[in-house]
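Be aware that the sequence shown starts at 1, since it is given in the UniProt record's numbering, and climbs by one per residue.
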Amino acid sequence: MTNFVEAPPPAELAALRYWWEDLKPGLRWRTTSRTITEADVVQFATYSGDLNRAHVDAEYAAQLPLYGQRLVHGMLVVSYMAGLSTRTMVNQMLEPSLLGLLEVRCQFPAPTFIGDTLAVDIEVMEQKETSKPERGVVTFKRTAVNQRGQAVVECLVTQLVMRRPAA
């Protein structure tokens, strides 16, 4: 006889939901990872119009004194951080309660290179009430970490979130 936990049926999963009250400072989780390819960088340069030679010209980038190779656009990394974050179970359970994005502040402590594999560590940093009792503000710290364990991008993301309705 095998011991196992039966997965809840889809209707029960759909009922699972995070509210503002559930997002206590200190709550942490990690996303899956993604490897950044040359095609990703080329497409982002094309879509964004950011054709800085440090991103798109291998010969030019090879002569850069600090890195000696092409750099991945910082905003591409921030975009992938957002995408990886939305794929987590926590975010999927939070989506029905999200009302809006209020602010994103980013720092770039280390470069990201083509071929780097990134995951995102997410932590609830702050939870604040608002003047309206049906909603609150949550600030998340998202840190992109490469395969060497280096933090390459750190973002504080502030969102407006629905509060649990009164019983």
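Here a beta-carbon is modelled for each residue, glycine too, at the ideal position from N, C-alpha and C.
Please report the distance separating the alpha-carbon of residue i from that of residue j.
i	j	result
R17	R135	15 Å
Y60	D50	15 Å
V42	L102	30 Å
P96	Q69	42 Å
A15	D22	15 Å
A54	T46	14 Å
F108	A167	44 Å
G83	Q63	32 Å
V78	L156	11 Å
residue 168	S131	The structure shown has nothing for residue 168, since the chain only spans 1 to 167.
V90	A151	22 Å
E129	P165	14 Å
T86	Y67	31 Å
L27	G149	20 Å
P88	V56	The sequence shown places Thr at residue 88, not Pro. If I take the Cα positions, the gap works out to 31 Å.
residue 168	A58	Because the chain in this structure spans residues 1 to 167, residue 168 falls outside the shown range and cannot be described.
residue 171	T37	Missing from the structure shown is residue 171; the chain here goes from 1 to 167 and no further.
Is it right to say residue i is buried, meaning 16 or more other beta carbons lie within 10 angstroms of its own, or is it exposed?
i	result
Q159	buried
R142	buried
P65	exposed
P111	buried
T139	buried
Let me check understanding here. Comparing Cα to Cα, which of the options lies closest to residue i?
i	options	result
L71	M89, T88, T86 and N52	N52
M81	R105, A39, L98 and A167	R105
R163	L118, L99 and N91	L99
S48	P133, G26 and M75	M75
G115	A39, K24, G26 and L27	A39
Q147	S131, T130, K132 and L118	L118
P133	A58, V161 and G149	V161
Is the distance from the Cβ of residue i to the Cβ of residue j below 8 Å?
i	j	result
F113	H73	no
Q92	W20	no
A144	V137	no
Would you check if the segment 18-36 and the segment 115-133 touch, i.e. whether three or more CB-CB distances between them fall below 8 Å? yes
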